[in-house]
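The next block holds one structure in the form of structure tokens; read it before the comments.
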Amino acid sequence: MLSRQPNARARYLHAAQYISDVVRAYQQRSFDAFKRYYHSLDILLIDDIQFFTGKDRTQEEFFYAFNALIESHKQIIITCDTYPRDISGIDERLKTRFSWGLTVAIEPPEQEMRVAIILKKAETLGVALSEEVAFFIAKHIRSNVRELEGALKNVIAFSRFNGHEITIDLAKDALRDLLTVHNRQISIENIQKTVAEFYKIKVADLHAKKRTRNIARPRQIAMALAKELTQMSLPEIGDAFGNRDHTTVLHACRKIAALRLKDNEINRDFHVLEQTLKG
């Protein structure tokens with residue numbers, strides 16, 4: 015948008031900063047200035063909107079800002095760690111307005127993209143980083159961009175503190191604790207084996223094209239558990255289930271989420287499997 019409208023007024027901030035702005039406006043009795051600023055933006059981007067949970071005054075002010083911007087045909091982008099309708103402690107009026115726009119699930123980036131992100135961030139920080147080291151970090155850190163950048167900064171700090179160039183061995187040392195945590199994480203093979211044993215079917219059935227209910231439902235549950243308990247992207251999960259398309263995985267996750275709300279048996283099975291896998 016800024017490339018097309020360089021004079022556009024844009025603001026990107028974390029939800030916690032917006033809360034702080036509301037508190038400051040309340041303390042300084044400067045709500046008029048607060049409203050003039052936020053209501054005059056051309057685009058407002060707020061990260062982690064779930065931080066508004068239980069913040070009644072913040073929600074009220076954001077409700078007014080949301081209405082003002084929409085009525086002026088401006089843009090609002092928000093991110094959240096769950097679907098807007100599932101956020102607890104958020105006014106129903108806001109949830110309704112969140113549903114007016116396009117809701118998109120943001121999946122973890124693929125490995126090639128993770129490598130590119132790491133190299134670009136290193137360049138931005140003025141650090142020479144080899145593709146081999148970037149590949150090593152990307153291979154082991156697969157969750158999200160923030161964690162990727164955090165891992166890279168740990169490697170850079172470790173390098174500067176010890177006075178050594180950044181190599182794969184140095185990256186291993188710098189990220190030892192983080193890699194230990196990731197190595198303990200649940201594997202998709204373990205999920206498939208546990209689900210197969212629970213429903214008394216074969217792991218091969220989860221990979222096969224069979225669509226009978228006694229196979230399809232456990233397969234959907236296994237896919238949903240994989241999305242919930244691993245850092246794998248939808249395409250990666252699909253590959254692990256007989257090279258299925260990522261849209262099939264997304265459908266399975268949404269199907270199980272909907273069934274858990276109305277089918278006690280499905281909800282109980284999912285909970286038992288989840289706790290079993292978590293140990």
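When you read off a place in the sequence shown, starting at 1, and then add 14, the result is the number in my numbering. Even for Gly, the Cβ is constructed at its ideal location relative to N, Cα and C. Model, not experiment: these values are computed from the prediction.
In this structure, Leu248 lies away from Ile200, with their beta-carbon atoms at least 8 Å apart. The segment 128–144 makes no contact with the segment 88–98; the number of CB pairs closer than 8 Å stays below 3. Of all C-beta pairs linking the segment 137–144 to the segment 116–123, fewer than three are shorter than 8 Å, placing the two stretches out of contact. In the three-state reduction of the DSSP assignment, Gln89 falls in the strand class, which pools E and B. Considered as a whole, the segment 41–86 harbours 45–53 and 70–85 as its complete alpha helix (DSSP H) runs of no fewer than 4 residues, in chain order. Your pair Phe284 and Ile270 checks out as a contact, with CB atoms roughly 7 Å apart and the cut at 8 Å. DSSP, read as helix, strand or coil, puts Arg282 in helix. Contact between Ile60 and Ala29 holds, with the beta-carbon distance rounding to 6 Å and staying under 8 Å. Shown here for Met237: same chain residues with a beta carbon closer than 7 Å to its own, the five before and five after excluded, namely Ile251, Phe255, Val263, Ala266 and Cys267 in chain order. When secondary structure is reduced to three states using DSSP, His154 falls in the helix class.
By the beta-carbon neighbour count (other beta carbons within 10 angstroms, threshold 16), Ser173 is buried. Boundaries of the beta strand (DSSP E) harbouring Ala24: Ala24 to His28, taken from the DSSP string. Under the three-state reduction of DSSP, Val118 is assigned to coil, being neither helix nor strand.
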